[in-house]
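Engineer:
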Amino acid sequence: MKNNLCTDIGYMSLTHYGEQLCGDHVEVVDKLDEGSCVVVLADGLGSGVKANILSILTSKMISTMVAADLPLESAVESIVQALPVCSERKIAYSTFTIIKIINNERAEIMQYENPKLIMLRDGENYEIPSSTVDICGKQISLSNVELKENDVFIAMSDGVEHAGAGNKYNFGWKREEIVSFIETLYGVGFTAKTLTAILLDETNKLYDYKPMDDATVCTIRIREREAVNLLFGPPSNPDDCSKMLSLFFAKHGKHIVSGGTTSKIVADFLKRPLTMNLLYHDPEIPPTASIDGVDLVTEGVVTINRVVEYAQDYVGENTRYEEWSRKQDGASIISRMLFEDATDVNFFVGRAINPAHQNPNLPIDFSIKMKLVENLSECLRKMGKRVIVNYF
Numbered sequence: 011m012k013n014n015l016c017t018d019i020g021y022m023s024l025t026h027y028g029e030q031l032c033g034d035h036v037e038v039v040d041k042l043d044e045g046s047c048v049v050v051l052a053d054g055l056g057s058g059v060k061a062n063i064l065s066i067l068t069s070k071m072i073s074t075m076v077a078a079d080l081p082l083e084s085a086v087e088s089i090v091q092a093l094p095v096c097s098e099r100k101i102a103y104s105t106f107t108i109i110k111i112i113n114n115e116r117a118e119i120m121q122y123e124n125p126k127l128i129m130l131r132d133g134e135n136y137e138i139p140s141s142t143v144d145i146c147g148k149q150i151s152l153s154n155v156e157l158k159e160n161d162v163f164i165a166m167s168d169g170v171e172h173a174g175a176g177n178k179y180n181f182g183w184k185r186e187e188i189v190s191f192i193e194t195l196y197g198v199g200f201t202a203k204t205l206t207a208i209l210l211d212e213t214n215k216l217y218d219y220k221p222m223d224d225a226t227v228c229t230i231r232i233r234e235r236e237a238v239n240l241l242f243g244p245p246s247n248p249d250d251c252s253k254m255l256s257l258f259f260a261k262h263g264k265h266i267v268s269g270g271t272t273s274k275i276v277a278d279f280l281k282r283p284l285t286m287n288l289l290y291h292d293p294e295i296p297p298t299a300s301i302d303g304v305d306l307v308t309e310g311v312v313t314i315n316r317v318v319e320y321a322q323d324y325v326g327e328n329t330r331y332e333e334w335s336r337k338q339d340g341a342s343i344i345s346r347m348l349f350e351d352a353t354d355v356n357f358f359v360g361r362a363i364n365p366a367h368q369n370p371n372l373p374i375d376f377s378i379k380m381k382l383v384e385n386l387s388e389c390l391r392k393m394g395k396r397v398i399v400n401y402f
């Protein structure tokens with residue numbers, strides 16, 4: 011029987027101080043329909059352009075081969091034979107960690123010279139049984155583990171362990187100290203991206219904000235699927251209101267209604283009062299409202315435009331996390347529901363034109379409601395969400 015688990019994946023890098031390009035690279039190949047994915051973290055020898063090219067080459071070659079169902083051992087053999095060896099140090103020009111999630115039921119892990127993968131289960135460090143295999147003269151660590159909900163995997167390059175060397179720590183940030191740091195964050199329910207960002211922020215701090223090595227973290231969190239449904243605007247044909255709302259409320263999961271006219275239509279459909287909240291949590295974002303039976307009711311275009319801004323930042327540098335993760339305005343609440351709670355997002359988008367949105371003097375080009383949905387959907391897909399957009 012197919013389980014209801016999925017993977018939440020987030021990764022970020024710090025670039026060696028003074029370098030333009032990062033010598034680490036993460037490649038993810040998702041097979042969402044199969045509940046499977048391949049994640050490869052490669053660390054090119056040294057830093058700069060050469061390391062960057064080698065890490066990209068390594069991660070892309072491995073992920074492509076494994077995603078095409080080539081056995082892990084065969085993929086690793088191919089890459090080991092292809093990778094050049096440093097003539098002076100006699101070591102490979104790239105190290106790697108491979109995590110293959112199969113049917114959201116188990117994980118196959120292969121590691122070569124990268125820091126040992128960290129796994130948390132039930133809030134504590136879980137030592138994954140492993141064996142060593144010889145592939146073309148290279149000692150490769152091999153592990154298999156059955157997955158449980160809330161398992162967390164953290165892969166990293168050695169730049170994380172080197173943090174603080176000669177400064178706070180004589181020999182860098184030890185594995186057990188990293189594990190203890192992560193264990194304190196486990197129960198909060200952070201997304202994989204946020205866990206990654208917190209760990210890298212601490213790494214950067216230990217480097218005194220001048221990393222002397224490339225440092226990369228990739229977090230995989232195993233979680234249950236959760237749907238969030240967002241209704242945005244009335245249908246172009248008023249006769250389709252009942253059809254659109256029936257389909258919307260038939261969907262499992264949380265329900266968000268965005269738009270003044272839309273919320274009135276929903277209140278009439280549900281035969282329940284629409285109650286306005288007059289408190290402005292953000293002077294730029296209209297206040298929310300409430301309808302019994304709806305998880306969140308907000309204004310439309312202004313609010314969604316802010317959500318798009320947060321989403322574009324989140325898939326980039328994630329510098330605005332402190333804004334939307336704590337504030338209580340409609341855009342921040344939607345952002346938390348879509349970015350953190352949801353694994354599946356279903357949009358129900360009405361094509362009716364609101365005359366107020368055609369005013370050229372308004373600060374936002376309100377004629378691009380469809381573009382907002384398109385941009386938001388694109389960002390959510392980059393976050394690994396399943397996104398379906400229905401137009402009416």
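Mapping of the sequence shown onto the working numbering: position 103 corresponds to residue 113, and the numbering continues sequentially without gaps. Heads up, the beta-carbon is just placed ideally off N, CA and C, and yes, glycines get one too.
(1) Could you check where the alpha helix (DSSP H) with L306 kicks off and where it finishes?
(2) Going by C-alpha distance, which of H35, A77, V50 is nearest E44?
(3) Classify Y21 as helix, strand or coil using the three-state DSSP reduction.
(4) With I108 and V38 assumed to form a contact (beta carbons below 8 Å), what rounded beta-carbon distance in angstroms separates them?
(5) Check for me: the alpha helix (DSSP H) holding C389 runs from which residue to which?
(6) What does the alpha-carbon distance come out to for the pair Q338 and L205?
(7) Taking just the CA atoms, how far does G174 sit from G147?
(8) Taking the alpha-carbon of I128 as reference, which of K392, I145, L93, S190 has the nearest alpha-carbon?
(9) Note down, in chain order, each residue of its chain lying with its Cβ closer than 6 Å to the Cβ of T6, except the 5 sequence neighbours on either side.
(10) Quick check: the Cα distance between N14 and F181, rounded to an integer number of angstroms?
(11) Quick check on this structure: which residue in D211, P244, F402, I119 has the alpha carbon closest to the alpha carbon of C47?
(12) Do we get a CB-CB distance below 8 Å when we pair Y136 with the residues of chain C?
(13) Where does A78 fall in DSSP's three states?
(14) Do you know offhand how far L390's Cα is from E137's?
(15) Count the other C-beta atoms from every protein chain shown that fall within 10 angstroms of the C-beta of Q121, then say buried if there are 16 or more, exposed otherwise.
(16) Kindly confirm or deny that the stretch 329 to 346 and the stretch 292 to 300 touch, where touching means at least three C-beta pairs closer than 8 Å.
(17) State yes or no: is the C-beta of G263 within less than 8 Å of the C-beta of G360?
(18) May I ask you to report which of helix, strand or coil DSSP gives Y331?
(19) So, helix, strand or coil for C228, using DSSP?
(20) Closest by CA to L241, which one among I89, G56, V399?
(21) Tell me which residue opens and which closes the alpha helix (DSSP H) that S273 is part of.
(22) For L93 versus N62, is the C-beta distance shorter than 8 Å?
(23) State the start and end residues of the unbroken beta strand (DSSP E) segment that holds A237.
(24) For Y219, does the count of other Cβ atoms within 10 angstroms reach 16, so buried, or fall short, so exposed?
(25) Just how far apart, CA to CA, sit S57 and S140?
(26) Would M407 be called buried (16 or more neighbouring beta carbons within 10 Å of its own) or exposed?
(27) Quick check: R231 and V155, are their CB atoms within less than 8 Å of each other?
(28) Within 10 angstroms of the Cβ of R116, are there 16 or more other Cβ atoms? Answer buried if so, exposed if not.
Structural biologist: To lay it out plainly:
(1) It is not in any alpha helix (DSSP H) - L306 instead sits in the beta strand (DSSP E) that spans 306 to 308.
(2) A77
(3) strand
(4) Not confirmed; about 12 Å, so no contact.
(5) 379 to 392
(6) 22 Å
(7) 33 Å
(8) S190
(9) Outside the shown range of the chain, which is 11 to 402, sits residue 6, and nothing can be said about it.
(10) 43 Å
(11) I119
(12) As a matter of chain content, chain C is missing from the structure shown, which is built from one protein chain.
(13) coil
(14) 33 Å
(15) buried
(16) yes
(17) no
(18) helix
(19) strand
(20) V399
(21) 270 to 280
(22) no
(23) 237 to 242
(24) exposed
(25) 30 Å
(26) Because residue 407 is not part of the residues shown, which for the chain are 11 to 402, the question remains open.
(27) no
(28) exposed
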